[in-house]
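Heads up: the sequence lines are chains A and B, in that order.
For the first sequence, position 76 (counting from the first letter as 1) is numbered 76 according to the working numbering, and the numbering increases by one without interruption.
For the second sequence, position 111 (counting from the first letter as 1) is numbered 111 according to the working numbering, and the numbering increases by one without interruption.
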Amino acid sequence: MGERSAPPSLRKAQVRPGLPGPAAENKGSLNMEKTLKKYFPVFVLPTLAAFIIGFIVPFSQGLYLSFCKFTTVNNATWVGVSNYVRALSDDTFSHAFWFTVAFAAVSTVLINVLAFSVALALTRNIRGTNVFRTVFFMPNLIGGIVLGYIWQILINCLLSKLALPLLALNTTAGYWGLIILMCWQQIGYMMIIYIAGLQNVPPELLEASQIDGATPWQTLWRIKLPMVMPSLTICLFLTITNSFKLFDQNLSLTGGDPNHASEMLALNIYNTFYGRSGPQWRGIGQAKAVVFFILVVVIALAQLRSTRSREVQQ
Amino acid sequence: MKARKASPGLGWTVFFTVISVLYLYPIVMVLLNSFKVETAISTSTAFQFPTAETFAGLANYVNAIASKGFLRSLGLSLFITISSVALILLCCSMCAWYITRVHGIASRIIYLLCVFSMVVPFQMVMFTLSQTADRLKLNTPWNICVIYLGFGAGLAVFMFSGFMKSIPLEIEEAAMIDGCNPIQTYFRVVFPILRPTMISVGVLETMWVWNDYLLPTLVLDIKKYKTITMLIQYFRGSFGRVEMGPMMACIMLTVLPVVVVYLLGQKHIIKGVVAGAVKG
Numbered sequence: 001m002g003e004r005s006a007p008p009s010l011r012k013a014q015v016r017p018g019l020p021g022p023a024a025e026n027k028g029s030l031n032m033e034k035t036l037k038k039y040f041p042v043f044v045l046p047t048l049a050a051f052i053i054g055f056i057v058p059f060s061q062g063l064y065l066s067f068c069k070f071t072t073v074n075n076a077t078w079v080g081v082s083n084y085v086r087a088l089s090d091d092t093f094s095h096a097f098w099f100t101v102a103f104a105a106v107s108t109v110l111i112n113v114l115a116f117s118v119a120l121a122l123t124r125n126i127r128g129t130n131v132f133r134t135v136f137f138m139p140n141l142i143g144g145i146v147l148g149y150i151w152q153i154l155i156n157c158l159l160s161k162l163a164l165p166l167l168a169l170n171t172t173a174g175y176w177g178l179i180i181l182m183c184w185q186q187i188g189y190m191m192i193i194y195i196a197g198l199q200n201v202p203p204e205l206l207e208a209s210q211i212d213g214a215t216p217w218q219t220l221w222r223i224k225l226p227m228v229m230p231s232l233t234i235c236l237f238l239t240i241t242n243s244f245k246l247f248d249q250n251l252s253l254t255g256g257d258p259n260h261a262s263e264m265l266a267l268n269i270y271n272t273f274y275g276r277s278g279p280q281w282r283g284i285g286q287a288k289a290v291v292f293f294i295l296v297v298v299i300a301l302a303q304l305r306s307t308r309s310r311e312v313q314q
Numbered sequence: 001m002k003a004r005k006a007s008p009g010l011g012w013t014v015f016f017t018v019i020s021v022l023y024l025y026p027i028v029m030v031l032l033n034s035f036k037v038e039t040a041i042s043t044s045t046a047f048q049f050p051t052a053e054t055f056a057g058l059a060n061y062v063n064a065i066a067s068k069g070f071l072r073s074l075g076l077s078l079f080i081t082i083s084s085v086a087l088i089l090l091c092c093s094m095c096a097w098y099i100t101r102v103h104g105i106a107s108r109i110i111y112l113l114c115v116f117s118m119v120v121p122f123q124m125v126m127f128t129l130s131q132t133a134d135r136l137k138l139n140t141p142w143n144i145c146v147i148y149l150g151f152g153a154g155l156a157v158f159m160f161s162g163f164m165k166s167i168p169l170e171i172e173e174a175a176m177i178d179g180c181n182p183i184q185t186y187f188r189v190v191f192p193i194l195r196p197t198m199i200s201v202g203v204l205e206t207m208w209v210w211n212d213y214l215l216p217t218l219v220l221d222i223k224k225y226k227t228i229t230m231l232i233q234y235f236r237g238s239f240g241r242v243e244m245g246p247m248m249a250c251i252m253l254t255v256l257p258v259v260v261v262y263l264l265g266q267k268h269i270i271k272g273v274v275a276g277a278v279k280g
C-alpha cells in the first residue's frame, strides 16, 4: 500500500520549488513515466489484444446473446428476456442449483476443517512431516478429468462389493463421490496455505500465552485462529468458488447420471449448449451462464466481505 | 521451540503414515490394474492384485503408445503448455510493469478488468470464445496460446503487479538515467528481479493449461488434434466397450510425468502456490 501511494505525494512536492532534493528525484520518476508511456504498444498491446480476443469480446457477446435466439454468433435475433424466463423455469437448472449449493456447503466445510487440522498437526514436531505434506499435496497436480476417472473405477468397485447400484444409477453415491474426490484433491492445497499462515504466528505470542497459563484449546481459539484469518479468507474463497465452478470432475465422475440428477450448474450449462438440439437451447444456455456468473460474483464478494472484516492486524 | 518440549511422538507419525498410504491408494490401484490382462479388469475386480495368470507385463503400455496416439497427444499437450505459459509469463509481466509504473486511467481500467476476469466462470464465455477463435483462425495447437494468454492474463497480471509494487523504483530509475531505454531496463533489471514471481505464476498457469479440458475441446478440431485430457475423455465416451488395459496405462503415463516433475521441483511448486494464494 505504502509504495503505491508514494508517487502522488511526490508529485505534489514538486510544486514547491524550494526543495531541491525531492523535486529532482521526482523529476526522474516523472521522466521515466513519460518515456515508458511511449512504449505502450510494446509492453501492453500484446496482452491487451489477446485479452480483448480471449475475454472482453466473448464476454460482451455472451451478455448480448443471452437476450437472443441463435445457433452461431452471426444469426442472432433479439428475443428479450424470454431466455431468462425459460432458463429459470427449467427444472434441471433449479435441480442443478440446489445440488451445487448442497455440494459447495458440505465440501467447503469439510475441506477447510480437515485441511486446518492437518496443518495444525503437521506444524508440530512430527517425524516425516515433509513426506506427508508432499503426499497430501500431490493429487492437486493431476487434472480433474483423470481424477474423476480414477475415482469412478474405485467407487464403482466399492459399490459392487457392497452390492449397491453403480454410479450411473446412484445419485447419493454420485454426490458423496464428488465430495470425497473434491476433498482428496483440495485438502493438500488448502493445508499448504494454512501451514504458511500458522508459521507466521509470532512465537512470542505463543510463549506469552503459555506463560499466562492458556490451555492448548484456548491458544488455538484465541491466538492461532485469529492470526490465520487471512489464510482462512483465501481458503474459503478458493474452495467456494472452486466448488461452484466445478466441471471436469463432475463430467468424468458421474457425467450427470442418472438422468441429470448429479449434474452441477457448470455441467448443466454445458449440456444445455451442446447436448440438446433445437435453436432455442443455445440462448437459454447463455442466459443460464449469465445467471451462473452473477451468482458466482455475488457469492465471492459476500464471502470476501464477511471474512475480511474479521481479520486482525498483526 | 515449544515443539521439542511437547513432542507428540510416534503415534502421530504412524497415524499419518496410514493416512498417506490410503491417500496414494487410488493411484496405486490404477498402476496395479495397468499390469493386468484385459479380461481381468472389471468393475468388481479393480482392487485385486495382478496374479501370475492375469499379469500382462508392459503389454498395455506398448499398446497405449503404439496404437492409441498417445505420444502425439503428449507432444501436443507439451507444446501447448510450454508455448502458452512462456507467452503468458513474458507478455503479462511486461504489461504488469507498465500498469504499475504508469499511473493513469488506462492502467487502472486494465487492472480492474484483470481482477474481474478472474471471477468469471468459463461457461459464461465458452461458446462465444470458441466462435471467436474459429473466426480468427486461432483454432490450431500452434496458436491456441493466444487464447490462453487472453484468458489467463487476469491472474498473471494481477499477481505480477502485486509483486511489482514492492520493488523499489530507484533501481529502474538508475538504469534509465544510465541510458537504458525501457525495453533494456525491463530485460536487464526488472526481469531478473521478477524470477520468484515468474516461478509462482508459471507453476499455477502450467497446472491450469496442462490439465485443461474444456477450452481445447471447444477450440480445437477433435478429429485432428487431441490433447492428453481430450484423448482420455474421448476413449471413454466414443466406444461401446472401452479397452480398459491400455486406458489404465494411458492414465499412468499421464500421471507419472506430473508426479516426477512435482518431486523434482517440489520446493518451488509449493512455494509458488503459497505466494500465489497469499497475494490473491
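Where is the CB? At the ideal position from N, CA and C, for every residue including glycine.
Note that this is a predicted model, so its numbers are computed, not measured.
Fewer than three pairs of CB atoms, one per stretch, sit closer than 8 Å, so the stretch 175-182 of chain B makes no contact with the stretch 67-81 of chain A. Counting along the chain, the unbroken alpha helix (DSSP H) around residue 92 (chain B) starts and ends at 70-101. Between the alpha carbons of residue 63 (chain B) and residue 52 (chain B) lies a gap of roughly 20 Å. Boundaries of the alpha helix (DSSP H) harbouring residue 86 (chain A): 82-88, taken from the DSSP string. Listed along chain A are 32, 33, 36, each with a C-beta nearer than 8 Å to that of residue 101 (chain B). For residue 63 (chain B), the closest Cβ of chain A is not nearer than 8 Å. Contact of residue 240 (chain A) with chain B by beta-carbon distance below 7 Å is absent, the smallest such distance being about 11 Å.
Within the same chain, 66, 83, 84, 87 come within 7 Å of residue 287 (chain A) by CB-CB distance, once the 5 residues on both sides are set aside. If you draw a straight line from the Cα of residue 72 (chain A) to the Cα of residue 295 (chain A), it comes to about 26 Å.
Contact annotation: in the stretch 206-218 of chain B, residues whose CB is within less than 9 Å of a CB in chain A are 207, 210, 211, 212, 213, 214, 218. Collapsing the DSSP output to three states places residue 37 (chain A) in a helix. Here residue 236 (chain A) has 108, 112, 303, 307 as same chain residues with Cβ atoms under 8 Å from its own Cβ, once five neighbours each way along the sequence are excluded. Chain A places a beta carbon closer than 8 Å to that of residue 97 (chain B), counting this residue as a contact.
Proximity of residue 94 (chain B) to chain A, defined by a Cβ-Cβ separation below 8 Å, is satisfied. Ranked by Cα distance from residue 254 (chain B), the first of B:196, B:228, B:13, B:266 is B:228. Using a Cβ-Cβ cut-off of 8 Å, residue 173 (chain B) counts as an interface residue toward chain A, since at least one Cβ of chain A sits closer than that to its own. Counting only the Cα atoms, residue 202 (chain B) lies some 25 Å from residue 183 (chain A). For residue 32 (chain B) and residue 56 (chain B), the gap between their C-alpha atoms comes out near 11 Å. Chain B has no Cβ within less than 8 Å of the Cβ of residue 257 (chain A). One finds 145, 252 in chain A with Cβ atoms closer than 7 Å to the Cβ of residue 233 (chain B), taken in chain order. Beta-bridge partners of residue 223 (chain B) (DSSP): none assigned. The secondary-structure analysis by DSSP pairs residue 59 (chain A) with nothing; it has no beta-bridge partner. With contact defined as three or more Cβ pairs closer than 8 Å, the stretch 246-265 of chain A and the stretch 168-178 of chain A are in contact. Using a C-beta cut-off of 8 Å, the stretch 260-267 of chain B makes no contact with the stretch 65-75 of chain B, since fewer than three inter-stretch Cβ pairs fall below that distance. Three or more beta-carbon pairs separated by less than 8 Å are not found between the stretch 189-197 of chain A and the stretch 272-286 of chain A, which leaves the two stretches without contact.
Residue nearest to residue 68 (chain A) within the set A:209, A:203, A:284 is A:284 (criterion: CA-CA distance). Contact between the stretch 8-18 of chain B and the stretch 114-131 of chain A is present: 3 or more CB-CB pairs across the two stretches fall below 8 Å. Contact holds between the stretch 211-220 of chain B and the stretch 134-153 of chain B, because three or more Cβ pairs, one in each stretch, are under 8 Å apart. Straight across, the Cα-Cα distance linking residue 206 (chain B) with residue 234 (chain A) is about 21 Å. DSSP places residue 261 (chain A) outside any alpha helix (DSSP H), giving it a letter other than H or E. Approximately 6 Å separates the beta-carbon atoms of residue 26 (chain B) and residue 151 (chain A); this is inside 8 Å, confirming the contact.
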